[in-house]
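Only one structure is covered here, and it is reproduced in the block below.
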Amino acid sequence: MSAPVVPDQTWYAATATCPPKTGHLCGDACADVAIVGGGFTGLGAALELCAHGIQPLLIEAGELGDGASGRNGGQAHIGQRRDQIWLERVMGQADARKLWDLALDARADLDRLIGTHGIDCALTPGVFETDHKRRYLAETQHYVQHLNEVYDYPHVRFVGAEECRTLVASPGYYGGRLDTYAAHLHPLNLARGMAKAALVGGAGLRTHSPATALARTAQGWRISTPHGEITADKVILAGDGMLQRLYKPLDARVMPINNFIAVTAPLGEERARALIANNYAVSDSRFVVYYFRMTPDHRLLFGGGENYSYTFPKNIAAFVRPHIARIFPPLRDVAIDYAWGGTLGITANRMPLVRELEPGLYTAAGYSGLGVILAPYFGKILAQAIAGERAGFDTLARIPNMRFPGGAALRWPTLVAAMSLFALRDRL
Ligand SMILES: Cc1cc2nc3c(=O)[nH]c(=O)nc-3n(C[C@H](O)[C@H](O)[C@H](O)COP(=O)(O)OP(=O)(O)OC[C@H]3O[C@@H](n4cnc5c(N)ncnc54)[C@H](O)[C@@H]3O)c2cc1C
């Protein structure tokens, strides 16, 4: 075993590019557009506003990328959080197609973002979505065919049991779908790269400046922070599930849950390649999904397990270890060098909430675990809507969203009961 795990030290923070230079909001300020939250959504919006000649003022409670954006699994999946068959049923063929096209444009936009601003975030192709139950394979095969034929999407293929074992050395999987346009990356470097580009574009970025209150004024909106107020014509709420009563109607629609990641000591190149082929990322079919990949220094970065409270387990490495052992039994006693938790917003139907909540007050939140590609892009779409280009926004705003049963007050017990039931189904 190696040295004890550093509390909440992420492998990303330990290997990231330097953060952009920012200070906190000091005194009062005015802006055409204020953004609350400095993750992918807020930074994506800031960048696009700059491109439209609008210089926004963004405030972040901690450091930029401190939220889910800088501490996630780094897996960039193609599509929306619900699959196309679900979207066709719920939203109809035409909107399902638009959402697919938006998802592909979001992926292309990631390349544009990285290329235009020279962001060094180790984008690596290939995500293998594995089935942990044999009975899921027929559905997977059918869905792959649907994407190939109905959506003319050539980058995904079905993987059967035999090939599966050559791609992931785990007894826990029976097959799946391999998408070579999906990818994985260093998310904190992406967030920091976006922030640096936004600064160059003229955005004001203020860290350690939590919004403590939000009020409508005759002209627009007023945001309070501990050391100054912002008045703005328009506001983007980009705090995902973490806004905690800043705008109460959101609390019943986007809820925070916690998810956990552990990173092992370096395994060596040969052993790493024997566990996962071709440097793919893997995520599985569990409701509480397992997702993992190798880092460039040949560590296993493994996400597994979640909880539904405002606190993290005291020993996150011990919390994640049994999940690693379930997938890779030989790693049951592997040294874990980093372990951390993150908070993400989920919605009742697992599709993001993108809305103009009141005139001049916008949000995109509740990506429900699929924000690496979508959040920067949905931030961009909010900015486009503010600049008068509403096509993408109007499509996203049609995605249905419902309140969690019990509303803001009773949502916790209901959520815990529902999630525990689904998590139990993973084990049956
Ligand atoms: C452990 C984990 C693993 C994940 N893995 C993946 C993955 O592999 N692939 C994938 O696609 N998605 C993944 N996700 C989800 C993805 O990270 C999120 O959907 C995405 O980062 C959301 O971006 P965001 O900018 O909306 O929110 P965040 O990145 O959470 O940013 C919100 C920001 O708002 C700030 N904030 C909150 N309240 C205030 C306030 N009052 N004032 C000022 N600032 C405030 C927070 O400090 C935070 O920095 C994962 C999430 C977690 C937690």
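At the far end of the sequence shown sits residue 408, using our numbering, and the numbering has no gaps.
Where a beta carbon is used, it is the ideal one built from N, C-alpha and C, also for glycine.
One or two residues paired with W201 in a DSSP bridge: Under DSSP, W201 takes part in a beta bridge, and its partners are R196 and A212.
Buried/exposed call for D220, threshold 16 Cβ in 10 Å: Result: buried.
Limits of the alpha helix (DSSP H) - the one that H112 falls within: Counting along the chain, H112 falls outside any alpha helix (DSSP H), and DSSP gives it neither H nor E.
Cβ-heavy atom distance, F20 to ligand 1, below 7 angstroms: At a threshold of 7 angstroms, F20 counts as near ligand 1, since its beta carbon sits closer than that to one of the ligand's heavy atoms.
Check whether L217 and L230 have beta carbons under 8 angstroms apart: Against a cut-off of 8 angstroms, the Cβ pair of L230 and L217 comes out as a contact.
8 angstroms Cβ cutoff met for L5 and T205: Going by C-beta atoms, L5 is nearer than 8 angstroms to T205.
M222 Cβ short of 7 angstroms to ligand 1 heavy atom set: Under cutoff, so the answer is yes.
Presumed contact (8 angstroms Cβ cut-off) between D75 and R378, rounded CB distance: By a beta-carbon distance limit of 8 angstroms, D75 contacts R378. Their separation comes to about 6 angstroms.
Continuous alpha helix (DSSP H) stretch holding G173: start and end: P167 to G181 is the extent of the alpha helix (DSSP H) around G173.
Cβ pair N52, P167 closer than 8 angstroms: Against a cut-off of 8 angstroms, the Cβ pair of P167 and N52 comes out as a contact.
Meets three-Cβ-pair contact criterion under 8 angstroms: the region 104 to 117 and the region 154 to 169: A contact exists between the region 104 to 117 and the region 154 to 169.
Stretch-stretch touch, CB-based, cutoff 8 angstroms, three pairs: the region 300 to 316 with the region 351 to 368: No: the two stretches stay apart, fewer than three of their Cβ pairs being nearer than 8 angstroms.
Cut-off 7 angstroms between Cβ atoms - residues of its own chain near M(-19), not counting five sequence neighbours on either side: Unreliable placement is indicated for M(-19), whose pLDDT of 39 sits below 50; the coordinate value is still reported in the next sentence. Answer for M(-19): A315, listed in chain order.
Extent of the continuous beta strand (DSSP E) run through H57: It is not in any beta strand (DSSP E) - H57 carries neither H nor E in the DSSP assignment.
Sufficient close CB pairs (3 or more, under 8 angstroms) joining the region 318 to 325 to the region 357 to 368: Counting Cβ pairs under 8 angstroms, fewer than three are found: no touch.
CB contact flag (G184, L38, <8 angstroms): In this structure, L38 lies closer than 8 angstroms to G184 by Cβ.
C-beta atoms of G359 and A371 nearer than 8 angstroms: Going by C-beta atoms, G359 is not nearer than 8 angstroms to A371.
Cβ-Cβ distance between M222 and G47 below 8 angstroms: For the 8 angstroms CB-CB criterion, M222 and G47 form a contact.
Residue nearest to G54 in terms of C-alpha spacing, selected from I210, P332, S189 and W(-9): The option with the nearest alpha carbon to G54 is W(-9).
Unbroken stretches of the alpha helix (DSSP H), 4 residues or longer, contained in the region 281 to 357: Listed in chain order, the complete alpha helix (DSSP H) runs (minimum 4 residues) inside the region 281 to 357 are 296 to 307.
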